[in-house]
Amino acid sequence: MTIRAVVAGVGHYLPERVVPNTAFEKTLDTTDEWIRARSGIERRHFAAEGQTTSDMAARAAEAAIADAGLTADDVDAIVVATSTADLTFPSAATMVQAQLGMTGGFAFDVQAVCAGFVYALSNANALILSGQARRVLVIGAETFSRIMDWTDRSTCVLFGDGAGALLLEAQDGAGTPDDRGILSTDLNSDGRHKDLLYVDGGVSTGTTGHLRMQGNQVFRHAVEKLAATANTAMERAGVTAQQVDWIVPHQANIRIIQGTAKKLGLPMENVVVTVQDHGNTSAASIPLALSVGRDRGQIKPGDLIVTEAIGGGLAWGAVVLRW
Numbered sequence: 001m002t003i004r005a006v007v008a009g010v011g012h013y014l015p016e017r018v019v020p021n022t023a024f025e026k027t028l029d030t031t032d033e034w035i036r037a038r039s040g041i042e043r044r045h046f047a048a049e050g051q052t053t054s055d056m057a058a059r060a061a062e063a064a065i066a067d068a069g070l071t072a073d074d075v076d077a078i079v080v081a082t083s084t085a086d087l088t089f090p091s092a093a094t095m096v097q098a099q100l101g102m103t104g105g106f107a108f109d110v111q112a113v114c115a116g117f118v119y120a121l122s123n124a125n126a127l128i129l130s131g132q133a134r135r136v137l138v139i140g141a142e143t144f145s146r147i148m149d150w151t152d153r154s155t156c157v158l159f160g161d162g163a164g165a166l167l168l169e170a171q172d173g174a175g176t177p178d179d180r181g182i183l184s185t186d187l188n189s190d191g192r193h194k195d196l197l198y199v200d201g202g203v204s205t206g207t208t209g210h211l212r213m214q215g216n217q218v219f220r221h222a223v224e225k226l227a228a229t230a231n232t233a234m235e236r237a238g239v240t241a242q243q244v245d246w247i248v249p250h251q252a253n254i255r256i257i258q259g260t261a262k263k264l265g266l267p268m269e270n271v272v273v274t275v276q277d278h279g280n281t282s283a284a285s286i287p288l289a290l291s292v293g294r295d296r297g298q299i300k301p302g303d304l305i306v307t308e309a310i311g312g313g314l315a316w317g318a319v320v321l322r323w
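Residue 1 is where the sequence shown starts when you use this note's numbering, and the numbers rise one by one after that.
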């Protein structure tokens, strides 16, 4: 028998405040049509004043735990993927642990920007396969609205806030691609490309800073690297693109999503797309899309899913899993 990290529950949380593209027309030289044409984004959610990343992460975690029919006491570990933790330390994950009422287990953050959830899934999978945990909450949560330069129309219109969570559980499998759970992972990074996407703040500057991005260069790297990592992960899992039911990509830009699907030889009918409603929520975008896709009735038990993401670093990767 083979141990697999199987999705037992899923959930998400979005702040109440919805910001349509037209809201930016009052302060920037931009239009709803311009934003839609270049990104596919129509609206996004922004956190309320005083609402933090850990608050949203805890709400998504509660939804995933309830979806699994379990309680917080059944969880052994929490891994939170975020680049916008409430404080420099402690981790957002320990704050979620406290909000859930967990007094046992362990919790930590993973920081790989938009690729964070893929990295967190890979870490959670390793914890389960090694026997260090039986059930792991994997959460992606971000408040990118707090690091935007509101005068930069090329970036501030792209991002939103939110959280999504999966509860992974150790289950026995046969060791074949037909097993439920995570079948393979692939992680990559190349620090030479730091200046393409970064925040110009931190302990070295004493400021929070703002997000800076060379959008055209990021786009050039994204499609090629996302397709390559997805193909590597599928090869490791022993599956082909033709067997994939759903691509659930990082929801950054509809053109990147379309370009990657085309490079993989899959139609957009096989892609879960939520970018129009949530914008780019960085590490939260994949779990958000998984939860929304399940709620829509798109993702069903037994479906083969490829999820991939790229973010600052550059860091990128993919996970193949059967729902």
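Yeah, the Cβ is synthetic: ideal placement off N, Cα and C, and Gly gets one too.
Beta-carbon gap between residue i and residue j smaller than 8 Å
{"i": "V319", "j": "A233", "result": "yes"}
{"i": "L290", "j": "Q243", "result": "no"}
{"i": "A170", "j": "A5", "result": "yes"}
{"i": "G279", "j": "R44", "result": "yes"}
{"i": "I182", "j": "N123", "result": "no"}
{"i": "A165", "j": "G311", "result": "no"}
{"i": "A81", "j": "F117", "result": "yes"}
{"i": "G317", "j": "A115", "result": "yes"}
{"i": "V239", "j": "I257", "result": "no"}
{"i": "F46", "j": "V157", "result": "no"}
{"i": "G209", "j": "G202", "result": "yes"}
{"i": "I254", "j": "G9", "result": "no"}
{"i": "V79", "j": "A68", "result": "no"}
{"i": "S91", "j": "S282", "result": "no"}
{"i": "A163", "j": "A57", "result": "yes"}
Span separating the alpha-carbon of residue i from that of residue j
{"i": "D295", "j": "D152", "result": "35 Å"}
{"i": "G105", "j": "V75", "result": "7 Å"}
{"i": "R192", "j": "A315", "result": "11 Å"}
{"i": "L226", "j": "S54", "result": "28 Å"}
{"i": "G297", "j": "L87", "result": "37 Å"}
{"i": "D326", "j": "R212", "result": "Residue 326 lies beyond the range of the chain shown here (1 to 323); nothing can be said about it."}
{"i": "P15", "j": "N188", "result": "31 Å"}
{"i": "H221", "j": "T103", "result": "43 Å"}
{"i": "V272", "j": "L264", "result": "15 Å"}
{"i": "V136", "j": "G259", "result": "33 Å"}
{"i": "L167", "j": "D29", "result": "42 Å"}
{"i": "A64", "j": "H12", "result": "7 Å"}
{"i": "D172", "j": "D179", "result": "9 Å"}
Three-state class that DSSP yields for residue i in the structure shown
{"i": "H221", "result": "helix"}
{"i": "I41", "result": "coil"}
{"i": "G116", "result": "helix"}
{"i": "W246", "result": "strand"}
{"i": "G105", "result": "coil"}
{"i": "A5", "result": "strand"}
{"i": "A230", "result": "helix"}
{"i": "L137", "result": "strand"}
{"i": "W34", "result": "helix"}
{"i": "E16", "result": "coil"}
{"i": "V239", "result": "coil"}
{"i": "G311", "result": "strand"}
{"i": "A325", "result": "The first residue shown for the chain is 1 and the last is 323, placing residue 325 beyond what the model contains."}
{"i": "T27", "result": "coil"}
{"i": "G11", "result": "strand"}
{"i": "G131", "result": "coil"}
Classification of residue i by the beta-carbon crowding that lies within 10 angstroms, buried from 16 upward
{"i": "A141", "result": "buried"}
{"i": "D161", "result": "buried"}
{"i": "W323", "result": "buried"}
{"i": "T52", "result": "buried"}
{"i": "S184", "result": "buried"}
{"i": "S204", "result": "exposed"}
{"i": "A72", "result": "buried"}
{"i": "D186", "result": "buried"}
{"i": "T207", "result": "exposed"}
{"i": "T155", "result": "buried"}
{"i": "T143", "result": "buried"}
Output the residue ranges of the beta strand (DSSP E) runs that lie fully inside the region 148 to 215 and measure 3 residues or longer, sorted by chain position. 161 to 173, 181 to 189, 197 to 199, 211 to 213
Scan the region 44 to 89 and note each continuous alpha helix (DSSP H) run of 4 residues or more that stays entirely inside, going in chain order. 53 to 67
Output the residue ranges of the beta strand (DSSP E) runs that lie fully inside the region 266 to 301 and measure 3 residues or longer, sorted by chain position. none
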